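Chains as they are written, first to last, in the numbering used here: chain A, 1 to 113; chain B, 114 to 301. Beta carbons are placed, not taken as given, at the ideal position from N, Cα and C, and that holds for glycine. Just so you know, these numbers come straight off a predicted model, no measurement behind them. Down below is the structure, laid out as structure tokens.
What follows is the structure in structure tokens.
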């Protein structure tokens with residue numbers, strides 16, 4: 001009997017036979033019948049739903065991205081205006097940045113200093 | 114069943130058009146291979162048959178994606194391997210009866226003597242200890258006779274990886290194989 005080396009690039013028939021017996025499968029006819037029964041049976045609704053789930057999620061992601069982009073372009077100028085904000089008087093700025101307690105005059109003042 | 118002269122691309126085209134009998138012929142031709150592959154991946158005979166069925170069902174539903182210019186076997190086995198991997202992911206939470214020495218012996222084989230059963234059991238143990246990709250590569254190469262390139266397509270790995278996997282798997286199976294050879298020589 002010829003010894004097969006692990007380096008051989010051709011199938012080893014003895015090893016193949018041993019593995020085939022180890023992985024023995026029985027009742028081929030029964031298996032074919034079961035497969036044909038399954039393909040003839042109507043597909044359950046959850047499987048149909050499952051098949052559509054992945055493309056649906058992908059489509060939703062694309063739509064969200066496109067929608068977000070368009071919305072961004074639409075409200076972009078308004079956001080720029082908002083970012084600029086209203087003109088704030090020097091007194092208010094001083095109130096916000098000063099470390100100490102605010103001056104009562106400044107607080108109650110009419111901003112005409 | 115149809116005779117063997119009908120080519121696989123023709124059978125696939127007929128099946129794609131809704132001919133269940135043509136698909137049945139493909140299941141007959143590839144059923145054993147698909148079941149062995151699923152068993153190699155899952156190491157559980159019952160789960161493996163369910164996975165092989167899932168694979169055939171997926172193939173039936175996606176026959177439109179099969180390229181008739183290519184061999185049918187690797188395309189189908191790729192789907193079966195995916196179905197087996199998917200089933201393995203789902204079963205992780207529950208306990209399984211893996212391909213054990215007793216499971217291998219339990220299957221009815223042509224030989225019934227104790228020696229052969231013991232050798233099969235030794236092979237089952239050695240096979241179970243191999244990494245999954247090596248197991249799959251050696252079964253597809255030495256049992257099913259696929260080329261390295263075809264196995265690479267099934268496993269989605271480079272051809273060199275398949276060669277390396279087959280080499281390492283063969284080396285790991287040296288001991289039980291030597292015992293098997295010895296037994297065969299005594300038989301002859």
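Let me know the secondary structure DSSP gives residue 103/A once reduced to three states.
The sequence position of residue 103/A within the first chain is 103, counting from 1. Three-state DSSP puts residue 103/A in coil, outside helix and strand.
Give me the Cβ distance between residue 149/B and residue 256/B, rounded to the nearest whole Å; I'm assuming they're in contact under 8 Å.
Within the second chain, numbered from 1, the residue matching residue 149/B stands at position 36. Within the second chain, numbered from 1, the residue matching residue 256/B stands at position 143. Between residue 256/B and residue 149/B the Cβ distance is about 7 Å, and since that is below 8 Å, they are a contact.
Please return the same chain residues whose Cβ sits closer than 6 Å to the Cβ of residue 167/B, not counting the five positions on each side in sequence.
Position 54 of the second chain, counted from the start, is the residue given in the question as residue 167/B. 196, listed in sequence order.
Spell out whether any CB of chain B is found under 8 Å from the CB atom of residue 34/A.
Position 34 of the first chain holds residue 34/A. Answer yes: the Cβ-Cβ gap between residue 34/A and chain B drops below 8 Å somewhere.
Could you check whether the Cβ of residue 42/A sits closer than 8 Å to any Cβ belonging to chain B?
In the first chain, residue 42/A corresponds to position 42, counting from 1. Judged by the 8 Å Cβ criterion, residue 42/A is not in contact with chain B.
Simplified DSSP assignment, three categories, for residue 205/B:
Mapped onto the second chain, residue 205/B falls at position 92. Of the three classes helix, strand and coil, the one that applies to residue 205/B here is coil, per DSSP.
Decide if residue 146/B is buried, meaning its Cβ has at least 16 other Cβ atoms within 10 Å, or exposed.
Mapped onto the second chain, residue 146/B falls at position 33. By the 10 Å Cβ count, residue 146/B comes out buried.
Which same chain residues end up closer than 7 Å to residue 262/B when comparing Cβ atoms and leaving out the 5 residues on each side of it in sequence?
Locating residue 262/B in the second chain gives position 149, counting from the first residue. Hits under 7 Å: 272.
Could you tell me the distance, in whole angstroms, from the CA atom of residue 58/A to the CA atom of residue 68/A?
Along the first chain, read from residue 1 onward, the residue named residue 58/A stands at position 58. Along the first chain, read from residue 1 onward, the residue named residue 68/A stands at position 68. Those two C-alpha atoms are separated by around 15 Å.
For the alpha helix (DSSP H) that residue 228/B lies in, which residues bound it at each end?
Against the second chain, residue 228/B aligns to sequence position 115. Segment 227 to 242, the alpha helix (DSSP H) holding residue 228/B.
Please classify residue 10/A: is it buried, with 16 or more other beta-carbons within 10 angstroms of its beta-carbon, or exposed?
In the first chain, counting from the first residue as 1, residue 10/A sits at position 10. Classification of residue 10/A: exposed, given that the 10 Å Cβ count is below 16.
Apart from the five residues on each side of it in sequence, which residues of its chain come closer than 6 Å, Cβ to Cβ, to residue 293/B?
Reading the second chain from its first residue, position 180 is the one you call residue 293/B. Only 232 meet the Cβ criterion.
8 Å Cβ shell around residue 354/B - same chain, five flanking residues per side excluded:
No information on residue 354/B is available, as it lies outside the stretch 114 to 301 that chain B covers here.
On the three-state DSSP scale, how would you describe residue 149/B?
As a working mapping, residue 149/B is identified with position 36 in the second chain. If DSSP states are grouped into helix, strand and coil, residue 149/B belongs with the helices.
Top-ranked residue by Cα proximity to residue 227/B, from 296/B, 126/B, 153/B and 202/B
Indexing the second chain from 1 puts residue 227/B at position 114. If we check each option's Cα against that of residue 227/B, 296/B comes out closest.
Output yes if chain B places a C-beta closer than 8 Å to the C-beta of residue 18/A; else output no.
Translated into the one-based positions of the first chain, residue 18/A becomes position 18. Interface residue, yes.
Kindly say whether residue 278/B, judged by its beta-carbon, lies nearer than 8 Å to any beta-carbon of chain C.
Among the chains of the structure shown, chain C does not appear; the protein chains present are A and B.
Short check: CB of residue 275/B to CB of residue 250/B, under 8 Å?
Position 162 of the second chain holds residue 275/B. Position 137 of the second chain holds residue 250/B. Contact flag set, yes.
Go through the region 174 to 205 of chain B residue by residue and report every complete run of the alpha helix (DSSP H) that reaches 4 residues or more, in order.
185 to 204
Just reading off the alpha helix (DSSP H) that residue 43/A is part of, what are its end residues?
Translated into the one-based positions of the first chain, residue 43/A becomes position 43. From DSSP, residue 43/A is part of no alpha helix (DSSP H); its letter is neither H nor E.
Partner residues on chain B for residue 38/A, Cβ-Cβ distance less than 7 Å:
For the purposes of this step, residue 38/A is taken as the residue at position 38 of the first chain. Per Cβ cutoff of 7 Å: 166 and 170.
Just to confirm, does residue 76/A get its C-beta within under 7 Å of one of the non-hydrogen atoms of the ligand NAD?
This structure lacks the ligand NAD, and indeed carries no ligand of any kind.
For residue 188/B, does the count of other Cβ atoms within 10 angstroms reach 16, so buried, or fall short, so exposed?
As a first step, residue 188/B must be located in the second chain, where it is residue number 75. Residue 188/B is buried by the Cβ-count criterion.
Quick check: is the beta carbon of residue 262/B nearer than 8 Å to any beta carbon in chain A?
What you label residue 262/B is simply residue 149 of the second chain in a count that begins at 1. Taking Cβ atoms only, chain A never reaches closer than 8 Å to residue 262/B, which makes this a no.
Collapsed DSSP secondary structure at residue 287/B in the structure displayed
The count along the second chain starts at 1 and reaches residue 287/B at position 174. Helix.
Can you grab the Cα-Cα spacing for the pair residue 143/B / residue 290/B, in whole Å?
To locate residue 143/B, count along the second chain from 1; it is residue 30. To locate residue 290/B, count along the second chain from 1; it is residue 177. Roughly 26 Å separates the two Cα atoms.
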